[in-house]
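Each remark here refers to the structure printed beneath this line.
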Amino acid sequence: MAGWKKILTDAMVADVTFGGAVTIGGNFQSDGIWTVYSTDGTHSGYVGDGANLLGGNKDDLAIRAIDDFFVSTDNSTTPSITVSGTDTTFAGDISIPAADKLYLDGGTHTYITESPFDTISFAAGLGGTALTLTALQATFNGSVRCGVNFQSSDGTSGANDVISWEDADKQDHTVTIKDGLITSWTVQ
-14 MAGWKKILTD AMVADVTFGG AVTIGGNFQS DGIWTVYSTD GTHSGYVGDG
36 ANLLGGNKDD LAIRAIDDFF VSTDNSTTPS ITVSGTDTTF AGDISIPAAD
86 KLYLDGGTHT YITESPFDTI SFAAGLGGTA LTLTALQATF NGSVRCGVNF
136 QSSDGTSGAN DVISWEDADK QDHTVTIKDG LITSWTVQ
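Mapping of the sequence shown onto the numbering used here: position 35 corresponds to residue 20, and the numbering continues sequentially without gaps.
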């Protein structure tokens, strides 16, 4: 035991290199940043607190990789998560608890969510839900615009026609249909 006390005392003022595995029973504390090297001596990255490593908070754990960062589970050598720059790749499914939101704008008002059961809602901007999808229907909250290549469910581009008639109140109606969509309806 006296030998370990000497090594630990010396480590406070100098670097210590171990030639094998080190096992520590109990808690371990570091007051700095750990530099990580691969077995061939290549610098791989750092582990430390968020304040010293990334400019965050002292109570955050930060990992800063020189290149890509990988997370693997179940003793697998295949990464479950790969972080490369600002891109993150997941090797499997991504699950979000029911009624939680996947924000597309940093967490304010543009998101995708399930609300209620088996219904997907798309919210865009301060206007609220723009589109709701169920197994049998799509409901749009507002105008629907289609580009020049609209196709109906049978794969055709739809009808092009102008239809006019007079109703029971003697008003003339003219409806213009382009690619299967009503593009105007006038009443005179």
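Glycine is no exception: its CB is placed at the ideal position from the N, C-alpha and C atoms.
Fair warning: this is a prediction, and the values are worked out from it, not measured in the lab.
The beta carbons of T98 and A84 sit closer together than 8 Å. Around the C-beta of L38, 16 or more other C-beta atoms lie within 10 Å, and the residue is accordingly described as buried.
Every beta strand (DSSP E) of 3 residues or more that sits fully in the segment 18 to 74 is shown, in chain order, as 19 to 22, 28 to 34, 46 to 50, 54 to 56 and 66 to 69. Judged by DSSP in its simplified three-state form, L166 adopts strand. For a cut-off of 8 Å, the C-beta gap from T58 to S65 is around 5 Å, short enough to register as a contact.
Rounded to whole angstroms, the separation of the alpha carbons of I48 and T73 is 15 Å. CA-CA distance, V147 to P82, rounds to 49 Å.
Cβ contact annotation for N126 (same chain, cutoff 8 Å, sequence separation greater than five): G112, G113, T114, A115, L116 and T117, in chain order. Sequence-distant Cβ neighbours of G35 in its own chain, meaning closer than 6 Å and more than five residues away, are G41, N42, D45 and A47. Distances from the alpha-carbon of T104 to those of G91, T124 and D90 put T124 closest.
Cα atoms of I9 and G92: separation of roughly 41 Å, rounded to the nearest angstrom. DSSP places L121 in the coil class of the three-state scheme, outside both helix and strand.
Note on geometry: alpha-carbon atoms of D164 and W170 lie some 15 Å from one another. Here the alpha carbons of S29 and T20 stand approximately 8 Å from one another. The C-beta distance from G4 to I18 rounds to 23 Å, too long to fall under 8 Å, and the pair is not in contact. Within the same chain, Cβ atoms closer than 8 Å to the Cβ of L87 are found at I81, Y96, I97 and T98, the five residues on either side in sequence being excluded. When only Cα atoms are considered, D154 and F102 end up about 46 Å apart.
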